[in-house]
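Below: one structure, written as structure tokens.
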Amino acid sequence: MRREWRKYGWTLLAAVMLAACSKVPDEILSEKEMQRVLADMLIAEAMINMDNDTYRSDTARLALYEGVFRKHGITQALYDSSLMWYGRNLDIYMKVYDRVLDDINRSINDLGDVQADAAPVANQDSVNIWPRRSFLSLSPRSVFNGVVFDIKPRTMYSSGSSFVLGLRTWGLDDYSSLRPEIRISADQGDTTVTANRVITRDGYYETILTTLPTKRVRRVYGYIRLDNVDSTYYKVYVDSLSLMKYNYGKEFGKQVRDSIP
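So in the UniProt record's numbering, spot 134 of the sequence shown is number 134, and the numbers just go up one at a time.
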């Protein structure tokens, strides 16, 4: 009997330690749950983008999203609150998002021999490394109101590289409470450098991130996002998206500046 209690005691202790190590609150979708839901939501968004005629109306789109929620036995409120929590904990979100992309890429590769585009030459100067579409729209009905990027070059970028994230916004005004946020970070091993920006008006903006000249760059990641604090309808457009990489020594005094109408 004592041996049985000891066994149950170790099991209980392991469960308590596991719960204590979990970073995600109980009322939020766990990382594995979020991974499964996000994968289906990305597929749903891809279906909408490929078949705008079928999903032109908000009703049709919501029905598609509701199908995802029913499949996973969750509510939209739980999904929204989880998305907000992960948005405030970007490091965890990026890990989950990476696993989602791995799952999707694995499914694509299972369909046939699909070769990914080659990464740019790591030491090449003045190269646009932006990995996604050059435009996006921000609205309260978006699944994730923004875009996340995570670039891992096959060969590390040179020490002291600079990165310039450029974009143009439309739909903001002086009376609006909408404030798109930009973050770009560079992983240099034991050091991470970050640049943040908040956009308040329409115009063209460039956010500059200069890395340390003593360490190579393993990874460049970040996001462009807009908090859905206001549930009223709005539409903000972003275009001319680019992420330029420059080698060490590039001067930005005259080359980079904002253009606000």
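For every residue, glycine included, the Cβ atom is placed at its ideal position computed from N, Cα and C.
For Glu-181, the pairing in a beta bridge is given by DSSP as Val-198 and Arg-225. Taking C-beta atoms as the reference points, Gly-222 and Phe-149 count as a pair closer than 8 Å.
With 16 or more other CB atoms across the displayed protein chains lying within 10 angstroms of its CB, Phe-163 is buried. Going by DSSP, Lys-71 is part of no beta strand (DSSP E) but of the alpha helix (DSSP H) stretching over 58-72. At the C-beta level, Trp-170 and Asp-202 come within 8 Å of one another. Shown here for Ser-134: same chain residues with a beta carbon closer than 8 Å to its own, the five before and five after excluded, namely Asp-239, Ser-240, Leu-241 and Ser-242 in chain order. In this structure the region 194-212 does not touch the region 74-82; the number of beta carbon pairs closer than 8 Å is below three.
When DSSP reads this structure, Thr-210 sits in a beta bridge with Ser-162. Secondary structure at Arg-133: coil, using DSSP grouped into helix, strand and coil.
Distance check between Ser-159 and each of Gly-146, Val-147, Leu-172 and Asp-187 places Asp-187 closest, using alpha-carbon atoms only. Nearest to Arg-36 by alpha-carbon distance, out of Met-47, Met-84, Met-244 and Tyr-97, is Tyr-97.
The C-beta separation of Met-244 from Asn-128 comes to about 6 Å, placing the pair in contact by the 8 Å criterion. Counting the other Cβ atoms within 10 Å of the Cβ of Arg-132 gives fewer than 16, which makes it exposed.
Contact between Pro-153 and Tyr-234 is absent: CB atoms are separated by about 36 Å, not below the 8 Å threshold. Counting along the chain, Leu-243 sits inside the beta strand (DSSP E) bounded by residues 236-246. Taking all protein chains shown into account, Met-41 has 16 or more neighbouring C-beta atoms within 10 Å of its C-beta and is therefore buried.
Classified as buried, Met-94 has 16 or more neighbouring CB atoms from the shown chains inside 10 Å of its CB. Within 10 angstroms of the beta-carbon of Ser-161 lie 16 or more other beta-carbons, which makes it buried. For Gly-67, there are no CB contacts under 7 Å within the same chain when 5 residues up- and downstream are skipped. According to DSSP, Ile-151 shares a beta bridge with Val-220.
A Cβ-Cβ contact shorter than 8 Å links Ala-44 with Tyr-65. The bridge partners DSSP lists for Gly-203 are Thr-169.
Ser-126 and Ile-104 have their C-alpha atoms some 31 Å from each other.
Annotation for Tyr-86: the continuous alpha helix (DSSP H) segment containing it runs 76-88.
Counting C-beta atoms within 10 angstroms of its own C-beta, Ser-185 has 16 or more neighbours from the protein chains shown and is therefore classed as buried. Linking Leu-172 to Leu-178 through their CA atoms gives a straight-line distance of about 7 Å. In the structure shown, Asp-187 adopts extended strand secondary structure according to DSSP, grouped into three states.
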